Amino acid sequence: MSEQTLANATVEILGEKFSRGEVSSLEATEACLAREGSTHHFGAYLHVCAERARKDAQLSDARRAAGNAIGPLDGVPVAVKDLLLDQGLPTTCGSKILKNFVATYDATVVSRLKAAGAVLLGKLNLDEFAMGSSNEHSAYGKACNPWDPERVPGGSSGGSAVAVAAGSAFATLGTDTGGSIRQPAAMTGVVGIKPTYGRVSRFGAVAYASSLDQVGPMGKTVRDVAWMLQAIAGHDPHDATSSSRDVPDFTQLLERGVQGLKIGVPKEYFVDGIDPEIQAAIKVALALLEKNGATVREISLPHTEHGIAAYYLIATAEASSNLARYDGVRYGVRAGGAQGLMDMYLKTRSEGFGFEVKKRIMLGTYVLSAGYYDAYYLKAQKARALIKRDFDEALRDVDVIVAPVTPTPAFKHGENLSDPMAMYLADIFTVCLNLAGLPGLSLPCGFTGSGLPIGMQIIGKPFDEATILQVARAYERETPWHTRRAVS
Ligand code: GLN
Numbered sequence: 003m004s005e006q007t008l009a010n011a012t013v014e015i016l017g018e019k020f021s022r023g024e025v026s027s028l029e030a031t032e033a034c035l036a037r038e039g040s041t042h043h044f045g046a047y048l049h050v051c052a053e054r055a056r057k058d059a060q061l062s063d064a065r066r067a068a069g070n071a072i073g074p075l076d077g078v079p080v081a082v083k084d085l086l087l088d089q090g091l092p093t094t095c096g097s098k099i100l101k102n103f104v105a106t107y108d109a110t111v112v113s114r115l116k117a118a119g120a121v122l123l124g125k126l127n128l129d130e131f132a133m134g135s136s137n138e139h140s141a142y143g144k145a146c147n148p149w150d151p152e153r154v155p156g157g158s159s160g161g162s163a164v165a166v167a168a169g170s171a172f173a174t175l176g177t178d179t180g181g182s183i184r185q186p187a188a189m190t191g192v193v194g195i196k197p198t199y200g201r202v203s204r205f206g207a208v209a210y211a212s213s214l215d216q217v218g219p220m221g222k223t224v225r226d227v228a229w230m231l232q233a234i235a236g237h238d239p240h241d242a243t244s245s246s247r248d249v250p251d252f253t254q255l256l257e258r259g260v261q262g263l264k265i266g267v268p269k270e271y272f273v274d275g276i277d278p279e280i281q282a283a284i285k286v287a288l289a290l291l292e293k294n295g296a297t298v299r300e301i302s303l304p305h306t307e308h309g310i311a312a313y314y315l316i317a318t319a320e321a322s323s324n325l326a327r328y329d330g331v332r333y334g335v336r337a338g339g340a341q342g343l344m345d346m347y348l349k350t351r352s353e354g355f356g357f358e359v360k361k362r363i364m365l366g367t368y369v370l371s372a373g374y375y376d377a378y379y380l381k382a383q384k385a386r387a388l389i390k391r392d393f394d395e396a397l398r399d400v401d402v403i404v405a406p407v408t409p410t411p412a413f414k415h416g417e418n419l420s421d422p423m424a425m426y427l428a429d430i431f432t433v434c435l436n437l438a439g440l441p442g443l444s445l446p447c448g449f450t451g452s453g454l455p456i457g458m459q460i461i462g463k464p465f466d467e468a469t470i471l472q473v474a475r476a477y478e479r480e481t482p483w484h485t486r487r488a489v490s
């Protein structure tokens, strides 16, 4: 198998080749490194640790040779968003303020991937502190959509999506606070899942908005993503918000089909302003699921329209508090030439943070201030409760909800930068899920006439990622989208 073909394979195919002795982990690692070299202009990686990866790959090959392979991820080259700590590697969060920061320990998700035998290749590009929907807010350069490099890959986990779509990692981890796994997955034609709040540990994941953040995987297929989720899910004593619920065997439940399942389609998600090709693709997908035995019915999530406002108030409020720790004393860069402590704080923060992050810190500080707390923050929390209740009620009658992920396919670089409202509105179909703490997956369900990927969102009950993956797999089995590659 040529290096080029190998980089385009799935984890599943790679595993078969490993077990037949046709490919080594070292070869797979070299294939990803070569692909990263040839697609470097896509800006997926902020840091590549080639030497460590080669060593880890050789260790995996030795394990396999001795008959001690660990499981489906053993020897598989993967990479993580650069706000997840990987000991000894830089963690910049896409920000100048952490330019010199080196992780002193592993995030739990990173140590779990290592324990599963995965080969970690490095750190992936993102919007600064995960604030953005286009990866244009990274202090280290934008990332490009492999299907059309003039377009954004989505964000904030842009690099995580690009690496999978371009073949420079077999699977990746991202984080999703308001859509940052699902939206870039949709825009680059890969699969991504935001697990239930509490399903995956956030220990060692740099916080953006702590009541919303969740870590999750991206991959080329549903099965690949299920394996990644299996490796990272489950209780972690280091994270009090991680759930102690049992984690089911996701891959074992994958092929159950959709016979008898009830699918809800929220009428508020199919309104004017949504790209007609996206609407059409999802309708066709729903018809296919129906043909395979699911029943589809319209549901209502009446408070959807308040999602964006509630999200951007709550997320910025929490961010303003979480980002207070970057003060030039405890972490990262300290500005020089300051006159006294206060001046040092001010200089460090004004030089270290980018425009979007500063804007959000100011907005968040404002909505939490004594005079405005009730009018904004408290009201947003009330809207959040109503949004959650909408989902609770809807999910009493249906097993999953199917919806678009984004109102448009990938947009051009710069297109939404001058219009922050347009950028924020692009999150309309993803943020409500985070407010409600629910799991949601994005998978490819077609391409536009101009060749851009379209994503479909499958939303499930709390801690029922298994059913989401099952529906996604039932659809994937019948469709060719997951076999298309942006880079040949
Ligand atoms: N686009 C949203 C924001 O900018 C979501 C980001 C995320 O999920 N990290 O806040």
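Numbering (the numbering used here), first residue to last: 3 to 490.
Each residue gets a CB set at the ideal place from its N, CA and C atoms; glycine is no exception.
Computed from a predicted structure; not experimentally measured.
Following the DSSP letters along the chain, one finds I284 in no beta strand (DSSP E) but inside the alpha helix (DSSP H) bounded by residues 278 to 293. By the criterion of at least three beta-carbon pairs nearer than 8 Å, the region 187 to 203 is in contact with the region 239 to 249.
Given a length threshold of 4 residues, each whole run of the alpha helix (DSSP H) inside the region 71 to 143 is given here in chain order: 110 to 117. Burial check for S371: the Cβ neighbour count within 10 Å stays below 16, so the residue is exposed.
Here T432 carries a coil assignment [DSSP, helix/strand/coil]. Following the DSSP letters along the chain, one finds R37 in no beta strand (DSSP E) but inside the alpha helix (DSSP H) bounded by residues 27 to 40.
Each residue's CA atom was taken as its position, placing S135 and T410 some 12 Å apart. Taking the Cα positions, A340 is about 24 Å away from G96. Counting only residues of its own chain and dropping the five nearest sequence neighbours on each side, G354 has a CB closer than 6 Å to the CB of K98, I99, V335.
Its chain contains V267, K269 as the residues whose beta carbon lies nearer than 7 Å to that of E300, once the 5 sequence neighbours on both sides are disregarded; these appear in chain order.
Contact between the region 291 to 310 and the region 64 to 73 is absent: fewer than three C-beta pairs spanning the two stretches fall below 8 Å. Spanning the alpha carbons of L87 and D108 requires a straight line of approximately 5 Å. Taking I430 as the centre and dropping the five residues before and after it, the same chain places the C-beta of T306, G309, I310, P409 closer than 8 Å to its C-beta, in chain order. Distances between the C-beta of T179 and the heavy atoms of the ligand GLN include at least one below 8 Å. At least 9 Å separates the beta-carbon of G218 from that of C34. For M220, the beta-bridge partners assigned by DSSP are T174, G194.
H484 and P446 have their alpha carbons spaced roughly 7 Å apart. In the DSSP assignment, A340 falls outside any beta strand (DSSP E) and carries neither an H nor an E. Runs of the alpha helix (DSSP H) lying entirely within the region 233 to 261, each at least 4 residues long, are absent.
DSSP places I310 within a helical segment (H, G or I) once states are collapsed to three.
For E53, the closest C-alpha among the options D63, A64, T31, H42 is that of T31.
Assignment of Y333 by DSSP, reduced to helix, strand and coil, places it in the coil class. The C-beta of M458 has 16 or more other C-beta atoms within 10 Å across all chains shown, which makes the residue buried. Partner residues in the beta bridge of A405, as assigned by DSSP, are Q459. For E5, the enclosing alpha helix (DSSP H) has its first and last residue at 5 to 9.
Under DSSP, D150 takes part in a beta bridge, and its partners are N147. Scanning its chain for C-beta atoms nearer than 7 Å, with the 5 sequence neighbours on each side dropped, one finds around R56 the residues L28, T31, in chain order.
Cβ-Cβ separation between V166 and T174: approximately 6 Å, consistent with a contact (criterion under 8 Å). Straight-line spacing of the CA atoms in K360 and S26 works out to 46 Å.
Our two residues, L397 and L263, have alpha carbons roughly 12 Å apart in a direct line.
Going by DSSP, E300 is part of the beta strand (DSSP E) stretching over 297 to 301. Ranked by Cα distance from G45, the first of P74, G23, S182, V154 is V154. Assigned with DSSP and collapsed to three states, L16 falls in helix.
T223 is a Cβ neighbour of T12, given a cutoff of 9 Å. One alpha carbon belongs to Y374, the other to R362, and they sit about 16 Å apart. Nearest Cα to N137 within the set T190, F103, S40: T190.
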